[in-house]
Amino acid sequence: MSHPAFFRDETAFLDALKQRHTGAVGYFFDRYHRRVDRTLCAVLGPDAEIPDLVQEVFTRALASIPRFRGDFAQLEGWITRIAVYTARTQIRRRRTARRWTSQAPAEESSVADPQASPEIVDALRRAYTLIERLPVKERIPFVLRTMDQMKLEEVAATCEISLATTKRRLKSARARLDRHAQSDPVLVDWLRRGPSS
Amino acid sequence: MNGPLLDYDRLGPMFDRVVADGQQRRRAALDQVRANLLQARAPEPARRAWWPMVAAPALLAAALLIGWWWLATQDLSYTIDGEQQKVGLWISADQRETNLEFSNGAKIVFRRGTKGRVTRTTTDKAQLLVESGQIWIHGPAEGTRWSITTGPYELEGTGTDIELQWLPEQQLLHIDVREGSAELRGPAFEPPPQLRSGESLHVREGEMTRRRAADRSDAEQPDRPAPSMVPPEQEPDLEALDERGPSRRPGSSRRRRTNAGTTDDWRALARREDYAASFGLVEGKFDTMIRSANAADLMRLADVARFSGHSKRATEALLSFRKRFSRHRDAATAAYTLGLIRDSAGSAAEAERWFATAVKEKPRGRLHRSALGRLIKAAQQAGHSSKARAAAQTYLERYPDGPHAELAERIGSQ
Chain C
88 MSHPAFFRDE
98 TAFLDALKQR
108 HTGAVGYFFD
118 RYHRRVDRTL
128 CAVLGPDAEI
138 PDLVQEVFTR
148 ALASIPRFRG
158 DFAQLEGWIT
168 RIAVYTARTQ
178 IRRRRTARRW
188 TSQAPAEESS
198 VADPQASPEI
208 VDALRRAYTL
218 IERLPVKERI
228 PFVLRTMDQM
238 KLEEVAATCE
248 ISLATTKRRL
258 KSARARLDRH
268 AQSDPVLVDW
278 LRRGPSS
Chain V
-10 MNGPLLDYDR
0 LGPMFDRVVA
10 DGQQRRRAAL
20 DQVRANLLQA
30 RAPEPARRAW
40 WPMVAAPALL
50 AAALLIGWWW
60 LATQDLSYTI
70 DGEQQKVGLW
80 ISADQRETNL
90 EFSNGAKIVF
100 RRGTKGRVTR
110 TTTDKAQLLV
120 ESGQIWIHGP
130 AEGTRWSITT
140 GPYELEGTGT
150 DIELQWLPEQ
160 QLLHIDVREG
170 SAELRGPAFE
180 PPPQLRSGES
190 LHVREGEMTR
200 RRAADRSDAE
210 QPDRPAPSMV
220 PPEQEPDLEA
230 LDERGPSRRP
240 GSSRRRRTNA
250 GTTDDWRALA
260 RREDYAASFG
270 LVEGKFDTMI
280 RSANAADLMR
290 LADVARFSGH
300 SKRATEALLS
310 FRKRFSRHRD
320 AATAAYTLGL
330 IRDSAGSAAE
340 AERWFATAVK
350 EKPRGRLHRS
360 ALGRLIKAAQ
370 QAGHSSKARA
380 AAQTYLERYP
390 DGPHAELAER
400 IGSQ
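Chains as they are written, first to last, in the numbering used here: chain C, 88 to 284; chain V, -10 to 403.
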């Protein structure tokens, strides 16, 4: 039983969540905010707006929860899909803004672990620079698979596409990145030899 | 290239070390998000907006009002066989009855052989000109007013069941007002006779007879009027007419009552085929008569003159007819008769011209057949071989068994 002990059962928890019971909302956030945060970071990379987007995901989720027809076990996949949808919206929002206002890319330093090696932080920044050049429909399966390290089936379920389509998009994304990476010898070297530490 | 050159699986651990582990650094921000979510109130269920319940009926009422106003301000229009018709166009119910269906639901039936037109419409009134024939006005629109001009008469009426018949050759007007009211204006009607439901009016050669429904011996059909009180004159068999004279014209042997009930005037003498006596009565005032006579009398005068041997007078009467009644349905008959007169006088070219006119003005029927046959002969005699062959070809196409078919075949083969 994963739901908090003060709810009679999972159904009672979901009912309470749909009624915005404070305890249920708090438990809902505590249980899934890491999942949401990780998915947003995986899709968007180091991004200073991640906390705002986490709030947006939960706000969307709580607004949609009265229409949720699944069971407790399906909540994680459901809110992960909302996170992916929110991240995709953010990508498109930014692309549109850049097209019209030459807005600078989002700040990223605050997201990274200050304890992380500067070499790794740099390599990851370079990787996301390339990843941003992928089409969204390839970018999202690719980061969920490589960064978030989801299983193929999970990627397919989260993106709501078939397994075959998932594999095809991953293959296409890797081939595209292989071509783009040739312009960044530092990243190529890093991906070939791995972390020096 | 079989696979990717680079090992992208190395990105996962790197992501964990740089970003995922940074969650601790974002702890404070995430706690704030949690607090925000807990403070946020659930949105109240959307209350049903009140304004559509008021606005929708108001819009509907406004649309109905606009629709009613639009309909009320539109002039009446009419269709024939479902097709919208223009006001002013001539309507010839040559082959069958023609139904005029008006936009307010009223109908006018042009009986077979009727010619006329709708001359003007307003929002609640239609004006018609009936040149000859019989019309039946009926329909549910009680408010519709009708104004019908026919011959020298004008009928103003409001009603849902009115029958009107006008035979110009006989100067006969018959009106049945089964439902509604009407007023007839015309020469010698002072004050104008008023007709109410169930009344009828019969005017023949100036003599007016008025009846109520109870006075009539003939049974009325409540839902459809009797086809015709007086059968319209049929088109004459002109080939027979040429040989035997006008006394064989259908209807011409019927004795008619004149307005005075006498039989000793020129018309009565003509009907008795005493053309010489008849011409004797009109000879002195022939010039005046051909300028003032109505269409039927003018054709009758032409016959009297022609069959009494006064071709020149007959020609004058016929030319007067064509001038004064150029759109009359007997105008083609006058042209044809002029062709016969010129042919008898040995003037083939002039005969050809008149027969060609008759053919053109009467493109179907027995008159067309006779005129076309005569045209072949006249054109041949006038030396117009190509026109004769063209007429012969048309004749054989239209009337392969006609009385001039043998002539046409002979001319056509030359």
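Note that CB positions come from ideal geometry on N, CA and C, so glycine has one too.
Residue i and residue j closer than 9 angstroms at C-beta
{"i": "residue 360 of chain V", "j": "residue 324 of chain V", "result": "yes"}
{"i": "residue 174 of chain V", "j": "residue 186 of chain V", "result": "no"}
{"i": "residue 354 of chain V", "j": "residue 381 of chain V", "result": "no"}
{"i": "residue 284 of chain V", "j": "residue 295 of chain V", "result": "no"}
{"i": "residue 162 of chain C", "j": "residue 119 of chain C", "result": "yes"}
{"i": "residue 347 of chain V", "j": "residue 365 of chain V", "result": "no"}
{"i": "residue 123 of chain V", "j": "residue 137 of chain V", "result": "no"}
{"i": "residue 363 of chain V", "j": "residue 344 of chain V", "result": "yes"}
{"i": "residue 133 of chain C", "j": "residue 11 of chain V", "result": "yes"}
Coil, strand or helix - residue i by DSSP
{"i": "residue 412 of chain V", "result": "Given a span of -10 to 403 for chain V in the structure shown, any question on residue 412 of chain V remains unanswerable."}
{"i": "residue 248 of chain C", "result": "coil"}
{"i": "residue -4 of chain V", "result": "coil"}
{"i": "residue 17 of chain V", "result": "helix"}
{"i": "residue 114 of chain V", "result": "strand"}
{"i": "residue 65 of chain V", "result": "coil"}
{"i": "residue 208 of chain V", "result": "Annotation note: pLDDT 38 at residue 208 of chain V (below 50); position unreliable, no value reported."}
{"i": "residue 388 of chain V", "result": "coil"}
{"i": "residue 271 of chain C", "result": "coil"}
{"i": "residue 339 of chain V", "result": "helix"}
{"i": "residue 95 of chain C", "result": "coil"}
{"i": "residue 126 of chain C", "result": "helix"}
{"i": "residue 39 of chain V", "result": "coil"}
{"i": "residue 136 of chain V", "result": "strand"}
{"i": "residue 219 of chain C", "result": "coil"}
{"i": "residue 171 of chain V", "result": "strand"}
{"i": "residue 106 of chain C", "result": "coil"}
{"i": "residue 136 of chain C", "result": "coil"}
{"i": "residue 228 of chain C", "result": "helix"}
{"i": "residue 393 of chain V", "result": "coil"}
Euclidean distance between Cα positions of residue i and residue j
{"i": "residue 68 of chain V", "j": "residue 135 of chain V", "result": "17 angstroms"}
{"i": "residue 257 of chain V", "j": "residue 74 of chain V", "result": "44 angstroms"}
{"i": "residue 159 of chain V", "j": "residue 188 of chain V", "result": "22 angstroms"}
{"i": "residue 28 of chain V", "j": "residue 108 of chain C", "result": "11 angstroms"}
{"i": "residue 47 of chain V", "j": "residue 39 of chain V", "result": "13 angstroms"}
{"i": "residue 397 of chain V", "j": "residue 97 of chain V", "result": "43 angstroms"}
{"i": "residue 153 of chain V", "j": "residue 82 of chain V", "result": "15 angstroms"}
{"i": "residue 220 of chain C", "j": "residue 257 of chain C", "result": "14 angstroms"}
{"i": "residue 342 of chain V", "j": "residue 308 of chain V", "result": "14 angstroms"}
{"i": "residue 272 of chain C", "j": "residue 242 of chain C", "result": "29 angstroms"}
{"i": "residue 174 of chain C", "j": "residue 140 of chain C", "result": "8 angstroms"}
{"i": "residue 192 of chain V", "j": "residue 151 of chain V", "result": "16 angstroms"}
{"i": "residue 3 of chain V", "j": "residue 277 of chain C", "result": "11 angstroms"}
{"i": "residue 259 of chain V", "j": "residue 267 of chain V", "result": "6 angstroms"}
{"i": "residue 92 of chain V", "j": "residue 119 of chain V", "result": "20 angstroms"}
{"i": "residue 263 of chain C", "j": "residue 216 of chain C", "result": "13 angstroms"}
{"i": "residue 390 of chain V", "j": "residue 84 of chain V", "result": "22 angstroms"}
{"i": "residue -5 of chain V", "j": "residue 214 of chain C", "result": "12 angstroms"}
{"i": "residue 169 of chain C", "j": "residue 130 of chain C", "result": "13 angstroms"}
{"i": "residue 196 of chain V", "j": "residue 328 of chain V", "result": "36 angstroms"}
{"i": "residue 113 of chain C", "j": "residue 238 of chain C", "result": "29 angstroms"}
{"i": "residue 121 of chain C", "j": "residue 230 of chain C", "result": "17 angstroms"}
{"i": "residue 22 of chain V", "j": "residue 180 of chain C", "result": "22 angstroms"}
Sheet register partners of residue i (DSSP bridge)
{"i": "residue 81 of chain V", "result": "V/104"}
{"i": "residue 400 of chain V", "result": "In the DSSP output, where bridge partners are listed per residue, residue 400 of chain V has none listed."}
{"i": "residue 93 of chain V", "result": "According to DSSP, residue 93 of chain V bridges with nothing at all."}
{"i": "residue 405 of chain V", "result": "A question about residue 405 of chain V goes unanswered here, because the residues of chain V that appear run from -10 up to 403."}
{"i": "residue 207 of chain C", "result": "According to DSSP, residue 207 of chain C bridges with nothing at all."}
{"i": "residue 153 of chain V", "result": "V/124, V/164"}
{"i": "residue 183 of chain V", "result": "V/172"}
{"i": "residue 196 of chain V", "result": "V/193"}
{"i": "residue 188 of chain V", "result": "V/166, V/201"}
{"i": "residue 147 of chain V", "result": "V/134, V/170"}
{"i": "residue 119 of chain V", "result": "V/105"}
{"i": "residue 142 of chain V", "result": "V/139"}
{"i": "residue 73 of chain V", "result": "V/68"}
Minimum Cβ-Cβ distance from residue i to chain A less than 9 angstroms
{"i": "residue 279 of chain C", "result": "Considering every chain present, this structure includes no chain A. Its protein chains are C and V."}
Self-check item: Residues within the region 104 to 137 of chain C neighbouring chain V, beta-carbon criterion of under 8 angstroms
Solution: The region 104 to 137 of chain C vs chain V, Cβ under 8 angstroms: 106, 107, 109, 112, 113, 116, 117, 120, 121, 124, 125, 128, 129, 132, 133, 137.
Quiz prompt | Residues of the region 227 to 244 of chain C with Cβ closer than 9 angstroms to any Cβ of chain V, in chain order | solution = Against chain V - using a Cβ distance shorter than 9 angstroms - the residues of the region 227 to 244 of chain C are 229, 230, 232, 233, 234, 235, 236.
Exercise. Taking only beta carbons into account, state which residues of the region 141 to 160 of chain C come closer than 8 angstroms to chain V, listed in chain order.
Key: Answer set for the region 141 to 160 of chain C: 141, 142, 145, 146, 149, 150.
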